[in-house]
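Chemist:
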Amino acid sequence: MNRVEKFVKKVIRERLPYSLPSIKYIVKLNQNENPYDLPDSIKDQILEKVRSISWNRYPDLTYSALREKIGRWLKVDKDRIILGNGSNEVLFFIMFCMISKGDMVLTVAPTFSMIDNFLRILEAENVVVYLKRDDFSFPVEILVKKAKSNYKLIVLCSPNNPTGTKIEKAELKEIIENAQGYVIVDEAYIDFTDQDLKEYVYKYDNLILVRTFSKAFSFAGGRFGYGILPVDLAIEVRKAMFPYNLSSITEAIVSSFINNEKFIKESVKKIVEQREILFNGLRKFDNIKAYKSDANFILIKTYFDYRILYKGLIEKGILVRDVSYYPLLENHLRITVGKPEENELLLNAMDEILSRV
């Protein structure tokens, strides 16, 4: 037995590293990013703000000013807000604060892969309920029934990644009201829907919302996420999180983003419009199935070996996401909604490839 085998936890050694193939591309539609970068005018404003801060000093330990600004923007109490270096960090530390080895957590599948990864690292018992096979909608009756059992956590993504399906507000309400423990809703893609669950945070003391700036806010490269929690729970989670987990630079940039919300809303509007155009374009192919989406991506199923399409697109410089390794998703691909010209290139390439299948 070598040193790693002897001293590194087995649960870590058994995990595969998170990875994506490094491939040259012309069109990048594989990571659910906002295709619209910030305009130079906004970047210049942000750079001026970044220049004005002291880089040699630590940021405010509590990030009070940023939490207050986010609170005013969202119309929630700043004491409910926790901040993280990406929403993954927020999600992990919430779980870390609650879960001990062997604790039961209720999730669905297929869903965001990091949820299962975190639960394995924390040695929880992940009890999985599968989405409905025909349309990947949430099996609400089953979730409500199971919620009544002794689960410390129920973790849901809505809209769900990689399916794009959301859980309706009334359905979520039923799950929350029946849950014995906390309900976490990962809302990474919430900005692409007309749904808002913030009011439920005040109504239910067991609801946690987790959000990110990586999708709608064009800030995937900057890494920022936040959670909206019951106040008493937020206090406990902050104790576990690393001090100074956000840089002063990130703090300044996020503050500027909120000041420029108009750009975000405009880019989201364009993405939602393109999502419907792309969906209708995909539906015209008779050898694939496209699923309706409430996110900034569309899941498709091929009625043939998906690798023909996946590799064919790579050869044309177009990247989409292979999600065939997820439960229920054999022969499925996930396509991020791009700019109009990117979506057109994709559809033209697919037309050529699929005509030969």
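Residues -1 to 355 in the working numbering are what the sequence shown lists, from first letter to last.
Glycine included, each C-beta is placed from N, C-alpha and C at the ideal position.
Here the structure is a predicted model, which means the values were calculated and not measured.
In angstroms, rounded to a whole number, what distance separates the CA positions of V125 and I44?
Modeler: In the sequence shown, the residue the question calls residue 125 occupies position 127. In the sequence shown, the residue the question calls residue 44 occupies position 46. Distance between the alpha carbons of V125 and I44: 44 Å.
Chemist: What residues in its chain sit with their C-beta under 6 Å from that of S291, if we drop five residues either side in the sequence?
Modeler: To locate residue 291, count along the sequence shown from 1; it is residue 293. Closer than 6 Å at Cβ, skipping near neighbours: G162.
Chemist: If we ignore side chains and look at the alpha-carbon of each, how far apart do M102 and K146 end up?
Modeler: As a first step, residue 102 must be located in the sequence shown, where it is residue number 104. As a first step, residue 146 must be located in the sequence shown, where it is residue number 148. Using only the alpha carbons, I get a separation of about 13 Å.
Chemist: Give the secondary structure of A238 by DSSP, where H, G and I count as helix, E and B as strand, and everything else as coil.
Modeler: Translated into the one-based positions of the sequence shown, residue 238 becomes position 240. It is helical.
Chemist: Taking the alpha-carbon of N30 as reference, which of I251, P157 and L81 has the nearest alpha-carbon?
Modeler: Residue mapping note: residue 30 aligns to position 32 of the sequence shown, counting from 1. Looking at the Cα atoms, P157 is the closest of the given residues.
Chemist: Which residue from Y308, L326, Y324 and H330 puts its Cα closest to that of L344?
Modeler: Here residue 344 refers to the residue found at position 346 of the sequence shown. Measuring from the Cα of L344, the nearest candidate turns out to be Y308.
Chemist: Mind checking which residues open and close the alpha helix (DSSP H) that includes M112?
Modeler: By 1-based counting over the sequence shown, the position of residue 112 is 114. Taken as a continuous stretch (DSSP letters only), the alpha helix (DSSP H) holding M112 covers S111 to I119.
Chemist: Which two residues bound the contiguous beta strand (DSSP E) that contains L64?
Modeler: Indexing the sequence shown from 1 puts residue 64 at position 66. Not the beta strand (DSSP E): L64 falls in the alpha helix (DSSP H), residues S62 to L72.
Chemist: Please report the Cβ distance between L27 and I316, rounded to the nearest whole angstrom; I am assuming they are in contact, meaning their Cβ atoms lie under 8 Å.
Modeler: As a position in the sequence shown, residue 27 is number 29, starting the count at 1. As a position in the sequence shown, residue 316 is number 318, starting the count at 1. So it is a contact: roughly 7 Å between Cβ atoms.
Chemist: Going by DSSP, what residues sit across from F295 in a beta bridge?
Modeler: Counting from 1 along the sequence shown, the entry for residue 295 is found at position 297. According to DSSP, F295 bridges with T334.
Chemist: For P160 and E172, I'd like the C-alpha separation in whole angstroms.
Modeler: Residue mapping note: residue 160 aligns to position 162 of the sequence shown, counting from 1. Residue mapping note: residue 172 aligns to position 174 of the sequence shown, counting from 1. Looking at the two C-alpha atoms, the distance is approximately 24 Å.
Chemist: For I316, which beta-bridge partners are listed by DSSP?
Modeler: Position 318 of the sequence shown, counting from 1, holds the residue named residue 316. Paired residues: V25.
Chemist: Cα-Cα, which of N278, S265 and K73 is closest to D194?
Modeler: As a working mapping, residue 194 is identified with position 196 in the sequence shown. Nearest C-alpha to D194: K73.
Chemist: Roughly how far, in whole angstroms, is the beta-carbon of Y149 from the beta-carbon of I174, given that I think they are within contact range, below 8 Å?
Modeler: Within the sequence shown, the letter at position 151 stands for residue 149. Within the sequence shown, the letter at position 176 stands for residue 174. Contact flag wrong, Cβ pair sits at about 13 Å.
Chemist: Going by DSSP in three states, L361 sits in which element: helix, strand or coil?
Modeler: Because the chain spans -1 through 355 in this model, residue 361 falls outside it and cannot be assessed.
Chemist: Taking the C-alpha atoms as reference points, what is the distance between P325 and Y16?
Modeler: Residue numbering aside, residue 325 sits at position 327 when the sequence shown is read from its first letter. Residue numbering aside, residue 16 sits at position 18 when the sequence shown is read from its first letter. Between P325 and Y16, the C-alpha separation is close to 17 Å.
Chemist: Give me the Cβ distance between V321 and H330, rounded to the nearest whole Å; I'm assuming they're in contact under 8 Å.
Modeler: Along the sequence shown, one-based indexing puts residue 321 at 323. Along the sequence shown, one-based indexing puts residue 330 at 332. Indeed they touch by this definition, with Cβ atoms about 5 Å apart.
Chemist: If you draw a straight line from the C-alpha of M348 to the C-alpha of V106, how long is it?
Modeler: Working through the sequence shown from its first residue, we reach residue 348 at position 350. Working through the sequence shown from its first residue, we reach residue 106 at position 108. For M348 and V106, the distance between alpha carbons rounds to 31 Å.
Chemist: Rounding to the nearest angstrom, what Cα-Cα distance links A356 and S52 in this structure?
Modeler: Because the chain here runs from -1 to 355, residue 356 falls outside it and cannot be looked at.
Chemist: Hey, out of Y61, F261, C155 and K164, whose CA is closest to L89's CA?
Modeler: Your numbering for residue 89 matches position 91 in the sequence shown. The option with the nearest alpha carbon to L89 is C155.
Chemist: When the distance is taken between beta carbons, is P57 closer than 8 Å to S253?
Modeler: Stepping through the sequence shown from its first residue, residue 253 is reached at position 255. Stepping through the sequence shown from its first residue, residue 57 is reached at position 59. For S253 and P57, no; Cβs fall outside 8 Å.
Chemist: Quick one: Cα of F5 to Cα of E166, how far?
Modeler: If you number the sequence shown from 1, residue 5 lands on position 7. If you number the sequence shown from 1, residue 166 lands on position 168. The straight-line gap from Cα to Cα measures roughly 46 Å.
Chemist: Starting from N86, follow the alpha helix (DSSP H) in both directions and report where the run begins and ends.
Modeler: Start at 1 with the first residue of the sequence shown, and residue 86 comes out as number 88. Looking at the DSSP string, the run of the alpha helix (DSSP H) that includes N86 is S85 to M96.
Chemist: Between Y180 and N204, how many whole angstroms is the CB-CB distance? I'm expecting something under 8 Å.
Modeler: Here residue 180 refers to the residue found at position 182 of the sequence shown. Here residue 204 refers to the residue found at position 206 of the sequence shown. That belief holds up - the Cβ atoms of Y180 and N204 are roughly 5 Å apart, short of 8 Å.
Chemist: May I ask you to report which of helix, strand or coil DSSP gives V6?
Modeler: Counted from its first residue, the sequence shown places residue 6 at position 8. Coil, per DSSP.
Chemist: In three-state DSSP terms, what is V142?
Modeler: By one-based count along the sequence shown, residue 142 stands at place 144. Reduced to three states, the DSSP call for V142 is helix.
Chemist: Could you please give the first and the last residue of the uninterrupted beta strand (DSSP E) stretch that includes R209?
Modeler: For this step, residue 209 is matched to residue 211 along the sequence shown. R209 -> beta strand (DSSP E) spans L205 to T210.
Chemist: Using DSSP's beta-bridge definition, name the partner residues of A288.
Modeler: For the purposes of this step, residue 288 is taken as residue 290 along the sequence shown, with counting starting at 1. Per DSSP, I298.
Chemist: Do V235 and I92 have their beta-carbon atoms positioned less than 8 Å apart in this structure?
Modeler: On the sequence shown, position 94 is the one that residue 92 refers to. On the sequence shown, position 237 is the one that residue 235 refers to. A contact, by the Cβ cut-off of 8 Å.
Chemist: Taking C-alpha atoms, which residue in R209, R305 and E313 lies nearest to V355?
Modeler: Sequence index remark: in the sequence shown, residue 355 carries index 357 (1-based). Per the Cα distances, R305.
Chemist: Helix, strand or coil: which one does DSSP assign to D184?
Modeler: Locating residue 184 in the sequence shown gives position 186, counting from the first residue. In this structure, D184 counts as strand in the three-state DSSP scheme.
Chemist: Could you tell me the boundaries of the alpha helix (DSSP H) in which Y198 lies?
Modeler: Position 200 of the sequence shown holds residue 198. Its alpha helix (DSSP H) spans residues K196 to K201.
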